[in-house]
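Visitor:
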Amino acid sequence: GAVVSQHPSRVICKSGTSVKIECRSLDFQATTMFWYRQFPKQSLMLMATSNEGSKATYEQGVEKDKFLINHASLTLSTLTVTSAHPEDSSFYICSASKSRGWTEAFFGQGTRLTVV
Amino acid sequence: AQSVTQLDSHVSVSEGTPVLLRCNYSSSYSPSLFWYVQHPNKGLQLLLKYTSAATLVKGINGFEAEFKKSETSFHLTKPSAHMSDAAEYFCVVSGNNDMRFGAGTRLTVKP
Chain W
11 GAVVSQHPSR
21 VICKSGTSVK
31 IECRSLDFQA
41 TTMFWYRQFP
51 KQSLMLMATS
61 NEGSKATYEQ
71 GVEKDKFLIN
81 HASLTLSTLT
91 VTSAHPEDSS
101 FYICSASKSR
111 GWTEAFFGQG
121 TRLTVV
Chain H
0 AQSVTQLDSH
10 VSVSEGTPVL
20 LRCNYSSSYS
30 PSLFWYVQHP
40 NKGLQLLLKY
50 TSAATLVKGI
60 NGFEAEFKKS
70 ETSFHLTKPS
80 AHMSDAAEYF
90 CVVSGNNDMR
100 FGAGTRLTVK
110 P
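This is how it looks when you write it as C-alpha cells:
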C-alpha cells in the first residue's frame with residue numbers, strides 16, 4: 011500500500027498563534043511531498059513542493075515565512091502556519107510521492123484549520 | 000508545463016442515469032491522468048488512473064475513463080448513477096514531478 015497520514019484532522023487556534031500540521035508516509039519513503047490549500051467549494055491549490063533534505067519550492071504568491079515547510083526525513087514533512095489569522099482558515103492537504111521520477115502521489119486525509 | 004480543464008463546474012443527473020464528467024488536459028510530457036473524488040469535509044479518494052497502459056481505465060465504484068490522446072481528453076463515465084456518487088470530482092494530470100488539478104466538477108444526483 012501507500013498510506014499517507016496527516017495530523018491533526020481538525021485544529022482550532024487563536025489568532026496570532028502558530029500551528030503545525032504533520033504529514034507522514036506510513037509504508038513508503040517519500041522523496042517528494044506536496045502541500046495544498048483548498049478553499050470552500052474550490053479546487054486544490056498547490057502551495058509548495060519539498061524534497062527530503064532540501065528547501066521547499068513555493069508557488070508564486072505563497073508566503074515562505076508564513077507557511078514554513080520542513081521535510082527533515084523521508085517519512086515526515088511538516089507545515090507550520092505562523093502567526094495565524096482568520097484568513098488562513100482553510101483545508102490543508104498533503105501528498106507524497108515515492109520517487110523523484112514519480113507518476114503518482116498519495117494524499118493525506120486533510121486538516122481543517124480554523125483560526126478564531 | 001501542463002494543465003487540466005474540467006469543462007463543467009456542476010453536473011446534475013437522476014439516479015440510475017449515466018454520468019459523464021469531462022476533462023481535457025494539456026501536457027508537454029507523456030502524462031499520467033487521475034480522477035479523484037472528494038466528499039464534503041473529507042480527503043481525496045483515487046477513483047482511477049491512467050499511466051500509459053490501456054487507454055480504457057476501470058476504477059472503483061463502477062467508474063471508468065478513456066484516455067484519448069488525439070482529443071487530449073480523459074472523460075469520466077459511469078453507466079448508472081447512485082445517490083452516494085454525489086460529491087466533488089477532480090481530474091488531475093501529472094508528469095515531470097509536477098501535478099496539476101482541475102477546478103473540479105460537483106456531481107448532484109437527484110432521486
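Taken in sequence, the protein lines are chains W and H. The opening position of the first sequence corresponds to residue 11 in the working numbering, with each subsequent residue numbered one higher. The opening position of the second sequence corresponds to residue 0 in the working numbering, with each subsequent residue numbered one higher. Virtual Cβ for every residue (Gly too), placed ideally from N, Cα, C. Keep in mind the model is a prediction, meaning the values are calculated, not measured.
(1) Quick check on the burial criterion: 16 or more other C-beta atoms within 10 angstroms. Buried or exposed for P30(H)?
(2) On the DSSP bridge assignment, give the partners of T76(H) in chain order.
(3) Comparing alpha-carbon positions, which option in A86(H), A80(H), M98(H) lies nearest V12(H)?
(4) Which of helix, strand or coil does DSSP assign to S140(H)?
(5) Compare the C-beta of S31(H) against all C-beta atoms of chain W and say whether one is closer than 8 Å.
(6) Taking G58(H) as the reference, which of S51(H), A52(H), L46(H), G15(H) has the closest Cα?
(7) I'd like the span of the beta strand (DSSP E) that includes E62(W), first residue to last.
(8) Looking at F66(H): is its Cβ nearer than 8 Å to the Cβ of T76(H)?
(9) Assuming contact is defined by CB atoms lying nearer than 8 Å, are R99(H) and V3(H) in contact in what I supplied?
(10) What separation, rounded to the nearest whole angstrom, lies between the Cα atoms of A0(H) and S64(W)?
(11) What residues in the region 39-59 of chain W have a beta carbon less than 9 Å from any beta carbon of chain H?
(12) Just reading off the beta strand (DSSP E) that T42(W) is part of, what are its end residues?
(13) Looking only at DSSP bridge pairs, what is A82(W) linked to?
(14) Flag K48(H) as yes if its beta-carbon sits less than 8 Å from any beta-carbon of chain W, otherwise no.
(15) Take every Cβ of the region 51-58 of chain W, pair it with every Cβ of the region 23-37 of chain W, and state whether three or more of those distances are shorter than 8 Å.
(16) Short of 6 Å in beta carbon distance, which residues of its chain neighbour V13(W), apart from the five on each side in sequence? Order them along the chain.
(17) T85(W) to Q39(W), Cα distance in whole Å?
(18) Less than 6 Å between C-beta atoms, sequence neighbours within five positions excluded: which residues of the same chain meet that for P110(H)?
(19) Kindly indicate which three-state DSSP category D7(H) falls into: helix, strand or coil?
(20) Once DSSP output is grouped into helix, strand and coil, what is the label at E128(W)?
(21) Closer than 9 Å, Cβ to Cβ, to anything on chain W: give me those residues from the region 34-67 of chain H, in chain order.
Guide: Quick look at the numbers:
(1) It is buried - the Cβ of P30(H) has at least 16 other Cβ atoms within 10 Å.
(2) Among the bridge pairs identified by DSSP, T76(H) is matched with L19(H), E63(H).
(3) Sorting A86(H), A80(H), M98(H) by C-alpha distance to the C-alpha of V12(H) places A80(H) at the top.
(4) In the structure as shown, chain H begins at 0 and stops at 110. Residue 140(H) is therefore absent and cannot be evaluated.
(5) Closer than 8 Å to the CB of S31(H) there is at least one CB belonging to chain W.
(6) Of the candidates S51(H), A52(H), L46(H), G15(H), the one whose C-alpha sits nearest the C-alpha of G58(H) is L46(H).
(7) Element bounds for E62(W): n/a, residue is neither H nor E.
(8) In this structure, the beta-carbon distance from F66(H) to T76(H) does not fall below 8 Å.
(9) In terms of Cβ geometry, R99(H) and V3(H) form a close pair [threshold 8 Å].
(10) Spanning the two alpha carbons is a distance of roughly 23 Å.
(11) Only T42, F44, Y46, Q48, K51, Q52, S53, L54, M55, L56, T59 from the region 39-59 of chain W bring a Cβ to less than 9 Å from some Cβ of chain H.
(12) Secondary structure note for T42(W): its beta strand (DSSP E) is the uninterrupted segment 42-48.
(13) A82(W) pairs with nothing; no bridge assigned.
(14) For K48(H), the nearest beta carbon of chain W is closer than 8 Å to its own beta carbon.
(15) With fewer than three CB-CB distances shorter than 8 Å, the region 51-58 of chain W does not count as touching the region 23-37 of chain W.
(16) Same-chain partners within the cutoff: L36, D37.
(17) Looking at the backbone, the Cα of T85(W) and that of Q39(W) are separated by about 5 Å.
(18) These residues qualify, in order along the chain: E14.
(19) When DSSP states are grouped into helix, strand and coil, D7(H) belongs to the coil group.
(20) Chain W is shown from 11 up to 126; residue 128(W) falls before or after that span and cannot be answered.
(21) Correct list: Y35, Q37, N40, K41, G42, L43, Q44, L45, K48, T50, S51.
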